[in-house]
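Written out below as structure tokens is the structure these notes cover.
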Amino acid sequence: MTASSTSAQPPRLLVKTLAVIFVTVALLLGAVFVVVTVSVRDQVRQSVAASLESGQRIFGAVESRRQRELQVQAATLAENPTLKATIDTFAAEARTSSDSQRTQWLTTIGNELDKVAARVDADAFVLADTHQITLAAAGRLGDRWPRGRPIALAGGTAGDVGVVRAGGMLFRVVSVPLQLADVPIGTLYLATSLDQRYAEELATLANARSAIVSDGLLVASTLATGAAREFEATAESRQQDGTVTLEGQAYSFRRLVQVGNTSFYALGSIDESSRSATRTAVRNLAAIAAGAAALALIASFWLARMLTGPVGRLSASLANASRSHDVRVRLPLTGSSRELDALTETFNALMASVATAEEQTQAAYTGSIRALATALDARDPYTAGHSERVSVLSVAIGRALNLPADEIEVIRLGALLHDIGKIGVPDEVLLKPGALTEAEFHIIKQHPGAGARILRSVPFLVPHIPIVELHHERPDGRGYPHGLRGDEIPMPARIVHVADAYDAITSKRAYRGARPAGEALREIWRFAGTEFHAEVVGALATALPGVTTDTGELVVGQMHA
Amino acid sequence: MPRRITLGACLASGAVLLPLLAPAPRAQAPDAAAGRITGHIKLTTRVHAPLPANAYPSRSIGKHEAPQIPEIRNVVVYLKDPPFRGALPVSRVELHQQNETFVPHVLAITRGSTVDFPNDDPFFHNVFSLSSAATFNLGRYPRGQSRPAKFAKAGLVKVFCDIHSHMSASILVLDHPYFTIPGADGNYEIQNVPAGQYTIVGWHERVGERSASVRVEAGRATTIDMTVPVEDLP
């Protein structure tokens, strides 16, 4: 495997889970946003229309009440005796009086009207004779009404409400007749100017924009100039209600009142109203999205951990097992899911069978090697059973030293094989009864290295190599084949060294008889620290009683215990 | 829809009240060189459907109790500017205030005559005039009292009450005695008219003068009928 293929490895399960959940949440939120925006716009359109409608009702109520109040006031003013007397007398004398007298009369009427006007709040007070010719006018905008000209009332009759155009301005008027015992002698008009101020008042009452259109022309409006002009131009402004697009913005409009050719409209901008509503909706959605994202994060982490945790533990156990070459490992059941547990069980069963096969293989190997070792021992009658005994004794020493079980197993087999290299030593040297020459001893010293070489060819015997190779090294460095010192020599090799020596001393040789155990132990004690490691010798002393009979014979039968 | 009726024919019920009305002065002795004018005044009127929505009825109280004066009694027939020499006969007549109405509504008198304004209502009234022929204000006074006004100048005098704005009356002050107010049946007669050519006028406050030419011969009665079209104004 190369570095590039490492970077191209598939994404982690966690990342995948997160991505899937996030994409789902994002899609959901997107869909919800679209739906909400559309429905908000729809609702806003309806609510604007509803608000205009209620504005219309309110305006209608307020306006009719105001007109009624104005009419009451007008009716009260119309009962002014002096005003009536002035008008009636003027009318009676008009036929016969001179121009200067007429002027004087009109001045008198004007004065009386001024007095009356001071009591009521209207933009203009106009007094007309029975032919609806203006006699006098008073009030803030009284000078807009030319004297001696007829009043053309649109959309109403005398005594009613109507719209009058006078002096270039449009007025909403209420009118009441002046009567002497049911005989009309004139008409009094109270006029309200339909100007920007009125439009603004209208807008306030209707809680919307307002526009006043008379004969298709805009009179006043609280709309922006451009929008107002567009509204003036649209055919929709002839209708009762609906929607209209002004300067690219959607407006809902409604006619509040129509008097003659004059209409009062309330307009509400849908876009403007929906903008704030949409903003609120988006803000809420954002909060929901944040919550959903947090939830998704937590949920996906939990899910991923639920999925990857057991798999990770399983793969870690597996990696551990493969690293230690321990095929007897049994993976724990995670209990997270049935599938994973089934996998673990299958794996464990598989590994159990592998372990069994491995053990059988090892047993076969071990058996052959033991046979080899036994055959080797058998070359020399004096050393028969030597390897078995050293093995038993080494295991006992190892136990006395509290070595771990797996190390003791290594010692057991290693001790059995420790002299396997002697297979390459000729009989004349190996079985020579007398002292060895230097050359002969050199041959003898070759056997640990030869043993190591033999073992190297069998993989599962690699751990035993140090025992075979180094079981003749001495702590004082005078051993062979490498002359290692003290701590450089591994513990199994030290143990086998001591056990080998003990068995050699207590065994019969061609040149001498077997020596008793106590003497052998003393002999070995003598060389503790130089030829043998002291703590191993101590352990031998501790271990011996457990493995020998009363007569000092080793109990070899424990070999397979 | 407006319809045309003849008031004089249908308002005979008002005749009961006629004794109350001040008759035109006719106390002059018959003159041999004089003739008289008789005739019939036909008053036409266009009556509209109820007046346009006056949501607030006039403030008159007990209106139904007001004396029903035939409209024909609001007409004055007189000669237009006849030459008259000698002492103008004067009279003293009453113009009552009854049920918030001036009774009669129209009065014709000679210059120099005096009108008394008795208050018959159980509340105060006022009498005032802004007319150029006679400008006066008699003030306010209670029931039972009467205040006079003398009319020294010929012309039309409109009289009002400043308490009850719907009350009004017209007093026609003339420089000669040749005038009369027709009877409820529309017939009139002007006596002691010197022979000659005249313009005769039928006057109504809402119509003004309707005139005709008339030739009066001594010792004879000349008959001339006139039509005065009183139209309700829009």
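Listed in order, the protein sequences are those of chains A and B.
Note that my numbering has the first sequence beginning at 103, numbered continuously upward.
Note that my numbering has the second sequence beginning at 796, numbered continuously upward.
All C-beta atoms in this analysis are idealised placements derived from N, C-alpha and C, irrespective of residue type, glycine included.
Remember, predicted model here, so these are calculated numbers, not experimental data.
Check whether the Cβ of residue i lies closer than 6 angstroms to any heavy atom of the ligand SAH, and answer yes or no.
i	result
SER365/A	No copy of the ligand SAH occurs in the structure displayed, which carries no ligand at all.
Please return the same chain residues whose Cβ sits closer than 7 angstroms to the Cβ of residue i, not counting the five positions on each side in sequence.
i	result
GLY648/A	ALA498
ALA641/A	ILE499, ALA502, LEU503
MET408/A	SER438
GLU1012/B	GLY830, ALA990
PRO1029/B	Note that PRO1029/B scores a pLDDT of 40, beneath 50, so its modelled location is shaky; the value from the coordinates is reported in the next line. Once the five neighbours on either side are set aside, PRO1029/B has no close Cβ partner at all.
Which same chain residues, not among the five before or five after residue i, have their C-beta less than 6 angstroms away from its C-beta?
i	result
GLY244/A	ALA226
PRO113/A	none
THR188/A	THR210, ILE211, GLU214
Just the Cα atoms here: how many angstroms apart are residue i and residue j?
i	j	result
SER963/B	THR1022/B	24 angstroms
ALA466/A	GLU460/A	10 angstroms
GLY857/B	ASP916/B	With a pLDDT of 49 at GLY857/B, under the threshold of 50, the modelled position of this residue cannot be trusted, and the question is left open.
ASP317/A	GLN234/A	22 angstroms
ARG432/A	PHE634/A	41 angstroms
GLN940/B	ILE904/B	22 angstroms
ALA391/A	LEU320/A	48 angstroms
SER960/B	PRO279/A	13 angstroms
VAL570/A	ILE513/A	10 angstroms
ILE985/B	TYR993/B	13 angstroms
ILE836/B	PHE919/B	37 angstroms
LEU397/A	ALA152/A	40 angstroms
GLY680/A	ALA394/A	Summary: the structure shown does not reach residue 680/A, with chain A confined to residues 103 through 663, and so no result is reported for it.
VAL276/A	ALA313/A	21 angstroms
VAL885/B	ALA193/A	28 angstroms
ILE597/A	ALA517/A	9 angstroms
GLN206/A	ASP190/A	14 angstroms
GLY411/A	TRP404/A	10 angstroms
PHE355/A	GLU181/A	41 angstroms
SER489/A	ALA406/A	57 angstroms
GLY162/A	PHE135/A	39 angstroms
ARG204/A	ARG251/A	16 angstroms
Report back the beta-carbon spacing between residue i and residue j to the nearest angstrom; my notes put them in contact at under 8 angstroms.
i	j	result
PHE478/A	ILE545/A	Checking the sequence, you will find Leu at residue 478/A rather than Phe. Not confirmed; about 15 angstroms, so no contact.
VAL600/A	VAL639/A	6 angstroms
GLY288/A	LEU229/A	6 angstroms
LEU519/A	ALA475/A	6 angstroms
ALA293/A	ALA224/A	6 angstroms
VAL872/B	THR975/B	6 angstroms
PRO877/B	HIS971/B	5 angstroms
ASN921/B	ARG938/B	Contact doesn't hold; Cβ gap of about 13 angstroms is too wide.
Chain A partners of residue i, CB-CB under 9 angstroms?
i	result
ASP970/B	None at all; the shortest Cβ gap to chain A is about 14 angstroms.
ASP980/B	Per Cβ cutoff of 9 angstroms: no residues; ASP980/B is ~24 angstroms from chain A at best.
Against residue i, what residues of chain B qualify as contacts under a CB-to-CB distance less than 9 angstroms, listed in chain order?
i	result
ASN182/A	SER960
ARG89/A	With chain A covering only 103 through 663, there is no way to say anything about residue 89/A.
Just to make sure I have the definition right: I need the residues of chain B whose C-beta is within less than 8 angstroms of the C-beta of residue i. Which are they?
i	result
GLU334/A	Residues of chain B passing the Cβ test: none, with the nearest at roughly 33 angstroms.
GLN360/A	Chain B residues near GLN360/A: none, gap ~19 angstroms exceeds 8 angstroms.
THR188/A	LEU925
Closest to residue i by C-alpha separation, out of the options, would be which residue?
i	options	result
ASP216/A	ASP482/A, ALA239/A, HIS233/A, ALA423/A	ALA239/A
VAL359/A	ARG159/A, GLU511/A, THR188/A, LEU116/A	ARG159/A
LEU557/A	GLY523/A, SER323/A, GLY362/A	GLY523/A
GLN173/A	SER153/A, THR191/A, LEU290/A	LEU290/A
LYS945/B	ALA928/B, HIS999/B, ILE832/B	ALA928/B
GLY997/B	GLY1014/B, ARG1010/B, ILE1019/B	ILE1019/B
VAL968/B	PRO977/B, VAL888/B, ASP980/B	VAL888/B
ASN932/B	LEU951/B, TYR983/B, ASP957/B, LYS948/B	ASP957/B
LEU572/A	SER402/A, GLU334/A, PRO550/A	PRO550/A
PHE955/B	ILE995/B, LEU925/B, ARG1001/B, ALA1016/B	LEU925/B
TYR973/B	ILE966/B, ILE995/B, SER965/B, VAL952/B	ILE995/B
Short of 8 angstroms in beta carbon distance, which residues of its chain neighbour residue i, apart from the five on each side in sequence? Order them along the chain.
i	result
VAL125/A	none
ARG249/A	LEU208, THR236, LEU237, ALA238, ALA239
ASP443/A	LEU435, THR436, GLY437
ASN450/A	ARG432, LEU433
ALA486/A	ASP479, ALA480
Taking C-beta pairs closer than 7 angstroms, name the residues in chain B that residue i reaches, listed in chain order.
i	result
ASP216/A	Those within 7 angstroms of ASP216/A in chain B number zero; the least Cβ separation is about 17 angstroms.
LEU179/A	What LEU179/A touches in chain B: nothing, since even the nearest Cβ is about 11 angstroms away.
THR191/A	LEU925, SER926, LYS953
What in chain A is Cβ-close to residue i, meaning under 7 angstroms?
i	result
LYS945/B	Per Cβ cutoff of 7 angstroms: no residues; LYS945/B is ~19 angstroms from chain A at best.
ASP1020/B	Within chain A, no residue comes near ASP1020/B; the closest Cβ sits about 24 angstroms away, beyond 7 angstroms.
For a contact meaning CB atoms closer than 8 angstroms, what does residue i contact in chain A?
i	result
GLU1000/B	ALA194
ASP957/B	PRO183, THR184, ALA187
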